[in-house]
Amino acid sequence: MSSMKLILVAAVSAVALTGCGGQNVKVNNSKGRATVYEDPNTSGRVQGVGIESQDIVSMTDRMMRDLLANPTVSNRSTPARIIIDSEYMMNESTSRINKNQITDRLRVELNRAANGRMVFVGRQYSGMIESERELKREGKVDAGTIRTTKATAGADFRLAGRISSLDSIEANSGSASRYHQVVFEMIDLEYGTIVWSGLYEFKKSAQDDIIYR
Amino acid sequence: MTSSIASPLRGARAAALPLGIAAALAAALLAAPLGAATPAPLAAVPIDIGDVPPALNDALLRVANEPAANYVLNHLRASVIALELGLTDRSAQSLDIALNGITAIYADSPQAAKARSLWHEEGSKDFKGEPYERWMAFYYRGVLDMMAGDWDNARADFKAGLLQDAFAEEEQNRADVEVLLYLQGWCSQMVGDMGTAREAYDEAKKLRPDLVIPAPDANVLVLAETGYGPRKLGDGVGNYELVYRRGKRFTEARAYMQLSGQWQPLYPIEDVFWQATTRGGRPVDRVIQGKVAFKKNTEAVGSVLTGLASEAMVLQPLTNSRSLDDKAAIVGLIGVAALALSSNTKPAADIRFWESLPDAIHVTTMKADAAQLGAVPFTFIDANNAEVPGLAQTRTVIADQRGRGLLWVRSRYAINGVPK
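If you read the protein sequences in the order shown, they are chains A and B. Heads up, the first sequence is in this note's numbering, so the first residue is 1276 and it goes up one at a time. Heads up, the second sequence is in this note's numbering, so the first residue is 547 and it goes up one at a time.
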C-alpha cells in the first residue's frame, strides 16, 4: 500500500473519530419505564438510609401483634377505648417522615384484627364530629339513626412515642449508617401509667459512589 | 491510571504487524468512545405543571425538557421559585423529589460508572450537588416545614442537612453549618424540648461565640437571605478543576428589620460561599486527575508518533526504502489514534450549580404576637453601611395555631432572574 493511501486512511480515521466522539448529546431520548406496582414490604428502586415503606410495614405489623397480646389493653371485659394518632409521637431523628403513616397503619391494622376487643376513638376527627353534633342539637339536621349521647367518647389509653436516630459517617470512604429506634407506648389517660411499651429498631448502612462523595 | 495510559504504547509495538491488523487494533481501541450511549435517566416522577405563574412554569418546563441528569437540579431551582411565590405545596413537592435524588445511594449504578469513565464528563452524572447545595436543599425543606408548623420534621431536615456537610476533607470543617445547628435548636425549643435545644445552641455557639441564643419565650424566627450564592467554574486543562467564586452583581452584606419604628440588625449566621469553599478536595477529583493524565499522555504519545512518521516520510525518498515508508505509515496511524483517544477524553469537572441560593443567611428571634405584627419592613445595607437601593420590602409572619411564626425574606429573588 502506498504511503499516500496510508496517510489518507489515517486522516480519514482521525476526522471520523474526532467527529463522532466530540458530540455530547443533550437530549433526553430515554424510552421511559412503564408504571409498575412494587411490594411495600420490599426495598424500592430508590434507597437511602432513612425510613422507607418496608420499615413502616414491618414496625406496625410487629407493634400490632404485640398490642393484641397485651391483656391490659386488648382483653378487658369492657373493650378499652384507645386513641392512636400522631399527636404525641415525636420525631427526634434525622429522617423526615410523615408520622401519620405509622399511626394510621397501626390503627387500621389493629382495628381490623381486634375485632371489637378494642374501640378506637377518632380524636383527629373531633372537629368534624362536633360540627355535626352541633347541627343535630340545633335541629338543622335530624338525630340520625344510631343514638344520641351526651358527649363524645373519652379515651382510656393513648399512643405516644418517639422516633430517634444515631448517624455515623465515614468521611474517607463515603460510608453512612443510620440506626433508628422507634418507641411506642400506651398511656393510661387517667392514671398516667405506661401500660404497654414496644420498641422497633433497625440500622441501615450504605456507601455512595465515589463521584458523589 | 497506569494501565490505561499504557494502552496506546502497547499499540506502538504493533508496528511490525500487518497494516490491516494495526488498523483493526486502532479501531478497537477507539470503540469505547464511539459506542457511548446517552445516560439513562433517573426514574422521573410526573409533575402536573397546571396553571402556574410564568417564572415557575419556565422552571417546571426545564424539569420536563432538560436531560434527566439535571432532574434534581431543576427541581431545586423550581422549589425556590415556588417558595418565593408563596406556593409552599408546590415548593415542597419539588424539594421532596430533589431530596429523594440527593439521599438516594448510587451503588453499582451504570450512570455513575459512565461519569467515572474517560469518555464522559463528570457533569454527565445525575446531579446531587456539592455538600453546600445538598444541605441548602434540606434547609429549604426545613423552612417549608416550619411554615407548616411541622417542627419535628423541620428539625429532622436540619439534622439531615448537617450530615451532608460531614464529608469535608478537613475535620474542622465537617458538620460546621451554624445555621442548621441554630435551627435545630429553634425547632426543639418550639416543641418544648429545651434540653435538646440547649445542646444544639451550645454546638452553634462553639462555632460562633458571639451568637445570641433565642430567649426562652421567643416565638417568632426571622430568616433573611442576602446576595447570590457561590458559582462553580472549571479551571485547568479541559476545565478539570472545580473552583468556586462568590456570587456577583450584589453588594448587600447585612439585613435590617423595623420593629416599633426601630431598625434592628439581623445576625449574619452563615456564609454559604465559605461553606462551599471549605469542603476541601473531593474523592472524585482524583478520578478526574487520572483522566487529565491519560489525556496529556495520549496526546504526547500521539504527537511524538505522528511527528516521527512525518519525518520518516520526508526522509523516505533519500533512503528509497519501501519498508521505512510502510512502518512510518503504521506509526503515523497509531499516533493519530492516540491523538483521537486524547481528544475524546473528557476530564471536565461538573460545574452545574444551583444559582438561586443566597450568599449569606441572617437570623434573629423575638417574642411577638404574629397577628399584630402585620407587614414588617426589611432593608439591606452594603459593607459601607449604605442602604442598597431597590431591595427594601415588607414581609408578614407565617404562624401556626399556637403563634409560633416564621418571617422569611430574601434580598434577591430568583423569580427576577439570577446571574449565571
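Every residue, glycine too, gets a C-beta built ideally from N, C-alpha and C. Values in this document were obtained by computation on a predicted structure and should not be read as measured data.
- For A/D1330, there are no neighbours in chain B by C-beta distance under 7 Å, as the nearest C-beta there is about 14 Å away.
- Not flagged as an interface residue toward chain B: A/S1439, since no C-beta distance is shorter than 8 Å.
- Interface residue (Cβ-Cβ distance to chain A less than 8 Å): B/T649 is classified as such.
- For A/S1440, the pairing in a beta bridge is given by DSSP as A/H1455.
- Chain-ordered, the chain B residues with CB closer than 9 Å to the CB of A/M1365 read D698, V737, D739.
- Residues of chain A with a Cβ closer than 7 Å to the Cβ of B/S663 do not exist, since the nearest Cβ in that chain sits about 11 Å away.
- Not flagged as an interface residue toward chain A: B/V860, since no C-beta distance is shorter than 8 Å.
- Sequence-distant partners of B/F673 (beyond 5 residues in either direction) whose C-beta falls short of 7 Å from its own C-beta, in its chain, are A615, N616, V618, L619, R898.
- For the stretch 1436-1467 of chain A, residues whose beta-carbon sits nearer than 7 Å to a beta-carbon of chain B comprise D1442, I1444, A1446, G1449.
- Taking C-beta atoms as the reference points, B/L602 and B/A628 count as a pair closer than 8 Å.
- Interface annotation, B/S888: not in contact with chain A, CB-CB separation never under 8 Å.
- Rounded to the nearest whole angstrom, the C-alpha separation of A/G1419 and A/R1356 is 23 Å.
- A/F1459 sits close to A/S1472, with the two beta carbons spaced by under 8 Å.
- In the DSSP secondary-structure assignment, A/S1472 is bridged to A/E1460.
- At a cut-off of 8 Å between beta carbons, B/A658 contacts chain A.
- Looking from the CA of B/E901, the closest CA among B/D872, B/E857, B/H621 belongs to B/H621.
- Under the 8 Å criterion on CB atoms, B/E668 is classed as interfacial with respect to chain A.
- In this structure, the alpha-carbon of B/W820 lies about 22 Å from that of B/Y786.
- Within the stretch 622-651 of chain B, the residues whose Cβ lies closer than 7 Å to any Cβ of chain A are, in chain order, N646, T649, A650, I651.
- Contact of A/I1377 with chain B is not assigned, every C-beta pair being separated by 8 Å or more.
- Taken through DSSP and simplified to helix, strand or coil, B/P762 comes out as coil.
- When secondary structure is reduced to three states using DSSP, B/P656 falls in the helix class.
- Listed along chain A are R1371, each with a C-beta nearer than 7 Å to that of B/D703.
- For B/Y802, the three-state secondary structure derived from DSSP is strand.
- In this structure B/Q918 is exposed. Its beta-carbon is surrounded by fewer than 16 other beta-carbon atoms within 10 angstroms.
- It is roughly 13 Å from the alpha-carbon of A/P1346 to the alpha-carbon of A/M1339.
- Each of B/I961, B/I944, B/G963 was checked against the Cα of B/L769, and the nearest Cα belongs to B/I944.
- Note that the C-beta distance between A/I1358 and A/A1309 is not below 8 Å.
- Put simply, the CB of A/D1484 is near chain B, with a gap under 8 Å to one of its CB atoms.
- In the DSSP assignment, A/K1479 is bridged to A/R1453.
- Take the alpha-carbon of B/L805 and the one of B/L812: they are about 12 Å apart.
- DSSP places B/N603 in the uninterrupted alpha helix (DSSP H) bounded by 600-611.
- From the beta-carbon of A/G1402, no residue of chain B is found nearer than 7 Å; the closest lies around 12 Å away.
- For A/R1387, the enclosing alpha helix (DSSP H) covers residues 1374-1389.
- Taking all protein chains shown into account, A/G1391 has fewer than 16 neighbouring C-beta atoms within 10 Å of its C-beta and is therefore exposed.
- In the structure shown, B/P814 adopts extended strand secondary structure according to DSSP, grouped into three states.
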